[in-house]
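Okay, here's the thing in structure tokens:
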């Protein structure tokens with residue numbers, strides 16, 4: 022699953038865009054009515070669930086849900 026952004030918490034700092042090595046957040050931002058530019062997930066298929074954007078987000082507005090299939094341990 023791609024990152025999900027809670028826009029009610031997002032401050033528009035852009036740290037997620039700077040942190041993501043796969044450019045998941047690349048492209049034009051969403052501009053809120055108050056003029057704050059907030060990132061959007063442009064390339065969800067590029068996300069490989071490294072969690073860097075989640076860890077670096079100062080407002081805690083990014084969540085990544087991993088499908089159960091990816092949780093199965095290898096024996």
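Residue numbers (the working numbering): 22 to 96. Even for Gly, the Cβ is constructed at its ideal location relative to N, Cα and C. Predicted model only: the values in this text are computed from it and were never measured.
- Task: Assign residue 83 to buried or exposed, taking buried as 16 or more other Cβ atoms, counted over all protein chains shown, within 10 Å of its Cβ.
- Result: Classification for residue 83: buried.
- Which one of 22, 87, 66 and 59 has the shortest CA to CA distance from residue 39? Cα-wise, what sits closest to residue 39 is 59.
- Task: Can you check the stretch 33 to 88 for any alpha helix (DSSP H) of at least 4 residues that lies completely inside it and give the ranges in chain order?
- Result: Inside the stretch 33 to 88, DSSP marks whole alpha helix (DSSP H) runs of 4 or more residues at positions 36 to 40 and 73 to 77, from first to last along the chain.
- Task: Just tell me which of 50, 52 and 85 has its CA closest to the CA of residue 68.
- Result: When C-alpha distances from residue 68 are compared across 50, 52 and 85, the shortest belongs to 85.
- Message: Counting C-beta neighbours from all protein chains within 10 Å, is the total for residue 51 16 or more, i.e. buried, or is it exposed?
- Response: Residue 51 comes out exposed.
- Query: With C-beta atoms as the reference, is residue 74 less than 8 Å away from residue 31?
  - Reply: Not a contact, by the Cβ cut-off of 8 Å.
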